[in-house]
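Asker: Structure incoming, see below.
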Amino acid sequence: MPVTPKRVGGVLYSALMFVAVSALSGVLIAGLFVPFAGMASATGRATVDEMEQLPVELDVPAQAERSTVLLGNGEVLTYFYDENRSYVPLEDIAPIMQAAQIAIEDHRFYEHGAFDPMTTLKSLVRREASGASGGGSSITQQYVKMVRIEHAALNGDIKGVQQAQEATYARKIQELRYAIALEQKLSKDEILERYLNIAYYGHGAYGVEAAAQTYFGVSAKKLTLAQGAMLAGLVQNPDQVNPVTAERLALERRDTVINRMAQLGLVSQKEADKAKKTGFNRKKVQRSKNGCEGSQYPFLCQYVQNTLLESPELGKTVEERKHMLNRGGLTIKTKIDTKTQDAAQKALSNVVSPTDPVISVINIVEPGTGLILAMAQSRPEMGNDTKKGETYWNYSVSPSLGGAEGYQAGSTFKAFALVAALENGVPMDQRYPAPQTKDFGSYTWQTCDGPRKLTGSWKVSNSTGWAPSMTLQQATAKSTNTYFVQLEHRAGVCNTAKAAERTGVELTTPGDSFDDWGVKPSFVLGTPEIAPLSLAEAYATFAARGIHCDAHIVDSITKPNGKKLKVSDGECKRVMKQEVADGVNKLLHGVMSGTGSRATIPGGYPQAGKTGTTEENQAVWFAGYTPEVAGIAMIAKDKTASVFKKDSSGKAERNGIKGLTLKTGFYLEGSGGGDAGARLYTPAMAAALDGRPKTDFVEPPKVITEPKQVEVPSVSGLSVQQATEKLTGAGFMVYTRRSYNSAPAGTFLGISPGPGSKVDQGSDIYINISAGPAPKKEEPKKDDKDDDKKDDDKKDDDKKDDGKKDDNDRGGDNGGRRPR
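Shown next as structure tokens:
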């Protein structure tokens, strides 16, 4: 073939190159280039001098590896990677694979140094004769080239990637310089191991392990002759001879490798012939998972990813963390229980369709650790095809971690009033009136901003049981609103809100805070919008006897070298006394015989829980637990659904979910115990508890179950305002009561029960104030008949006697009420 100027000197330059690199590597073959000596010696020396000025050390970046996310049973949830690679040591690569790669690329690899002079010379001569590029590079030189491409790509250096692949002698010289240094630093086995782990084998597979799994569904350690030969043949042109897109070419190239192995005596002819008869099974080809879309549990996966991108252990910035996740080869373990997850998803799918106008979730966490065991939702597919019910929102979590919005939790918030009440000495037999409807507009509330009185009327009604009066245990079992608003009044709005905060409830409305809600008496009825997962976290605090752990999904992170990275352990800490948590557990256990009876988990497990239904049935909940597992189930309206959207007049087709018939055929009755409890919570929790012990709750001590007796303090010499402040500060509920008295109106008459009386801690104390003398009674009309007059006189005497009895009854110490 004619030599052209573009080819930089043709045969002469090729010869000079060989002289130069031979001199550099110390392997000059005496007399080989005698015909060229006279005309090439000066140029050769210049080339050697130029090479000696090149850097010796090759900057080898950390080998990019995919990170693996594991479920609780060790199965792979997904991988995260820029390059699908799993680094394996040489002993975990089948010897036949090693032999195949060496045979086709550099059969004298273990016999020469950084490059093979004979192979290089033959390649140069062939190149000059045919004009073909490439060939002749040793495995070490090829590895250097791959590293330089990888390094440039990692730094976003497009020009550097191009330069690392240019067919120029300058590149060859530089690669050789690096190769010589590597051969002095690394053993042949180490170089081969790195080569097999960095090489690209097509179809998104980097390294032999990923390639073996991608094309054949096996590990690199189990590759056969036919499989190893096919992979070895891909390295030089992985796209052109990819067996997925060009099976015939791939098989031809594989057979070339097998023939070469037989020629070199690495396999027998019989083995070679048998291997060449093996076909390629396309059914075993699998594109490795990357990311969350298409993973088995995409929203669990997304929550793992979002958690890791917020973890400072992976880097200072989000970009650094993403780099570590996609290239760091991390092994990330979760405790997701596939049996529970699948049971939760099945329960949801049986009730709610992805395209229904409602949203439903189930979350289950482990008390004492906070680890998430299951997180399922009625729209399980990740994507943007809303007609199929796809979404990118995780309806269980806060917006900062991929959630859409929060949901009102209804009466599940009454549990936090229980905490505040028990902490403030309210006994379990505390009685309050429990009418169907009660107006609380006149009450003064203890809020986070101090005492505050509502303006106007606030009427609260019951949707379940009511009675003239109830105990705390009865009202909890029946979820009686009018009772619990009085309980919150006794325990304090601020205390109730703070109990929810410290147990883990997470508000989702921008700008919301527990201090703000701590001034709103409606808090106890569950009016704030929250992340559903956080309610499971809060109820897990009760199950753990007052130990709160942040709900989290990552159990451990391990680097390729076996080093463990620090991960959140839930930051578990005590947020209430054990006896208070035990008291809450006893009260919520009673719910399972009341409004929560339909949500009972079969099998005889000790269990507790609370139903929740919001105003107009916009959402229904069940939150419950055993000492081993805690969980919630929720069904709520999708505010974006047309059936709930308001028209120009402010009206919607419907406001709540009660009465809806879903596409599954399920009719929503608007019940926390039935819709959310029996149909969703119970089957999911049954799966979570399978195989776990039936641990009993701890019985609370008498200090919780029985009222503590305290003495009413003296208020002698104090004004009404001063007396109120003193009694309130002592933990009593103080009320004002006016009655007719001979003293001027407004006179402070004393308190009932009186000072020194022994009463239950937190009892009601009445400040008695004079309303002035009673109005005078009208004189009866006189009658001419004496008999009639006598009768009238007798009646008047009777009335006076009755009036005296009324005054005596009204003036008793407790006003006709048992001291509390």
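Going by my numbering, the first residue of the sequence shown is number 1224, and it counts up by one from there. Note that CB positions come from ideal geometry on N, CA and C, so glycine has one too. Only a predicted model underlies this, so the values are computations on that prediction, with no experimental measurement involved.
If I'm right that Val1747 touches Lys1661 with Cβ under 8 Å, what's the distance once you round it to whole angstroms?
Answerer: That belief does not hold up - the Cβ atoms of Val1747 and Lys1661 are roughly 13 Å apart, past 8 Å.
Asker: Any chance the stretch 1313 to 1324 sits against the stretch 1436 to 1447, with 3 or more Cβ pairs inside 8 Å?
Answerer: With a cut-off of 8 Å, the stretch 1436 to 1447 and the stretch 1313 to 1324 count as touching, because enough Cβ pairs lie within range.
Asker: Between the Cα of Met1547 and those of Asp1560, Thr1578, Glu1288, spot the shortest distance and give me the residue it belongs to.
Answerer: When each option's Cα is compared against that of Met1547, the closest is Glu1288.
Asker: Could you check what DSSP says for Trp1668 in three-state terms: helix, strand or coil?
Answerer: Of the three classes helix, strand and coil, the one that applies to Trp1668 here is strand, per DSSP.
Asker: Check Gly1673 in the structure and name its three-state DSSP category.
Answerer: Strand, per DSSP.
Asker: Tell me the DSSP bridge mates of Arg1960?
Answerer: Paired residue(s): Asn1991.
Asker: Could you compute how far the alpha carbon of Ala1774 sits from the alpha carbon of Lys1408?
Answerer: Going from the Cα of Ala1774 to the Cα of Lys1408 covers about 48 Å.
Asker: In the structure shown, what three-state DSSP assignment does Asp1662 receive?
Answerer: If DSSP states are grouped into helix, strand and coil, Asp1662 belongs with the strands.
Asker: Let me know the secondary structure DSSP gives Phe1765 once reduced to three states.
Answerer: Helix, per DSSP.
Asker: Whole angstroms are fine: how far does the CA of Ile1974 sit from the CA of Ala1567?
Answerer: If you take the alpha carbons of Ala1567 and Ile1974, they lie about 57 Å apart.
Asker: For the alpha helix (DSSP H) that contains Gly1952, what are its first and last residues?
Answerer: It spans 1943 to 1952 - the alpha helix (DSSP H) in which Gly1952 sits, taken as one unbroken run.
Asker: Helix or strand or just coil, what does DSSP make of His1771?
Answerer: Correct three-state label for His1771: strand.
Asker: Let me know the alpha helix (DSSP H) ranges lying completely inside the stretch 1561 to 1639, each 4 residues or longer, listed in chain order.
Answerer: Entirely contained in the stretch 1561 to 1639, the alpha helix (DSSP H) runs reaching 4 residues are, in chain order, 1561 to 1574.
Asker: When you compare each of Glu1711, Gly1734, Pro1733 to Ala1723 by their alpha carbons, which one comes out closest?
Answerer: Out of Glu1711, Gly1734, Pro1733, Glu1711 has the C-alpha closest to the C-alpha of Ala1723.
Asker: In angstroms with no decimal places, state the Cα-to-Cα distance between Lys1512 and Thr1291.
Answerer: Lys1512 and Thr1291: Cα-Cα distance of roughly 10 Å.
Asker: Kindly indicate which residue of Glu1839, Leu1571, Ala1766 has the alpha-carbon position closest to the one of Pro1590.
Answerer: The shortest C-alpha separation from Pro1590 is found at Ala1766.
Asker: List the whole-angstrom C-beta distance separating Asp1478 from Gly1425, where the pair is believed to meet the contact cut-off of C-beta under 8 Å.
Answerer: Between Gly1425 and Asp1478 the Cβ distance is about 18 Å, and since that is not below 8 Å, they are no contact.
Asker: Output needed for Ala1763: all residues of its chain with C-beta closer than 6 Å, excluding positions within five of it in sequence on either side, in chain order.
Answerer: Val1588, Pro1590, Ala1853, listed in sequence order.
Asker: Which same chain residues, not among the five before or five after Ala1909, have their C-beta less than 8 Å away from its C-beta?
Answerer: For Ala1909, where only same-chain residues beyond five positions count, the Cβ hits under 8 Å are Ala1566, Ile1824, Pro1825, Gly1826.
Asker: Do the stretch 1556 to 1576 and the stretch 1588 to 1607 make contact, defined as three or more Cβ pairs closer than 8 Å?
Answerer: Touching, yes.
Asker: How many Å lie between Asn1808 and Leu1293 at the Cα?
Answerer: Near 34 Å, if we compare the C-alpha coordinates of Leu1293 and Asn1808.
Asker: Exposed or buried, which one is Asn1504 when buried takes at least 16 other CB atoms within 10 Å?
Answerer: Exposed is the call here.
Asker: From Ser1993 to Thr1959, what distance separates their C-alpha atoms?
Answerer: Rounded to the nearest angstrom, the two C-alpha atoms are 11 Å apart.
Asker: So Ala1337 and Gln1364 are in contact, right, with Cβ under 8 Å, and what is the actual spacing, rounded?
Answerer: Contact holds; Cβ gap of about 7 Å.
Asker: Quick one: does Leu1300 have its CB under 8 Å from some CB of chain D?
Answerer: No chain D appears in the structure shown, which is made up of a single protein chain.
Asker: Taking Cβ positions, are Ser1634 and Lys1796 nearer each other than 8 Å?
Answerer: No, the pair does not count as a contact, with Cβ atoms beyond the cut-off.
Asker: Using 8 Å as the cut-off, can you tell me whether the stretch 1876 to 1889 makes contact with the stretch 1854 to 1862, which would need three or more C-beta pairs spanning the two stretches below that distance?
Answerer: Output reads yes: the stretch 1854 to 1862 touches the stretch 1876 to 1889.
Asker: Any chance the stretch 1643 to 1653 sits against the stretch 1754 to 1761, with 3 or more Cβ pairs inside 8 Å?
Answerer: Segments in contact, no.
Asker: Based on the DSSP output, what are the partners of Asp1983 in its beta bridges?
Answerer: Paired residues: Gln1932.
Asker: Taking DSSP's pairing of strands, which residues face Arg1797 in a bridge?
Answerer: Answer is Ile1770.
Asker: Going by Cα to Cα distance, which pick from Ile1481, Ser1360, Ala1326 is closest to Asp1339?
Answerer: For Asp1339, the nearest C-alpha among the options comes from Ser1360.
Asker: Count the other CB atoms within 10 Å of the CB of Val1257; is the residue buried (16 or more) or exposed (fewer)?
Answerer: Confidence at Val1257 is low in this model, with a pLDDT of 33, below 50, so its placement is unreliable and the value that follows should be read with caution. Exposed, by the Cβ-count rule.
Asker: Going by DSSP, which residues form a beta bridge with Met1857?
Answerer: Paired residues: Val1584, Trp1844.
Asker: Report the three-state DSSP secondary structure of Ile1927 (helix, strand or coil).
Answerer: Helix at Ile1927.
Asker: Taking C-beta to C-beta, are Glu1306 and Tyr1429 nearer than 8 Å?
Answerer: Contact flag set, yes.
Asker: Considering just the uninterrupted stretch of the beta strand (DSSP E) at Gly1973, what are its terminal residues?
Answerer: Start and end: 1971 to 1975.
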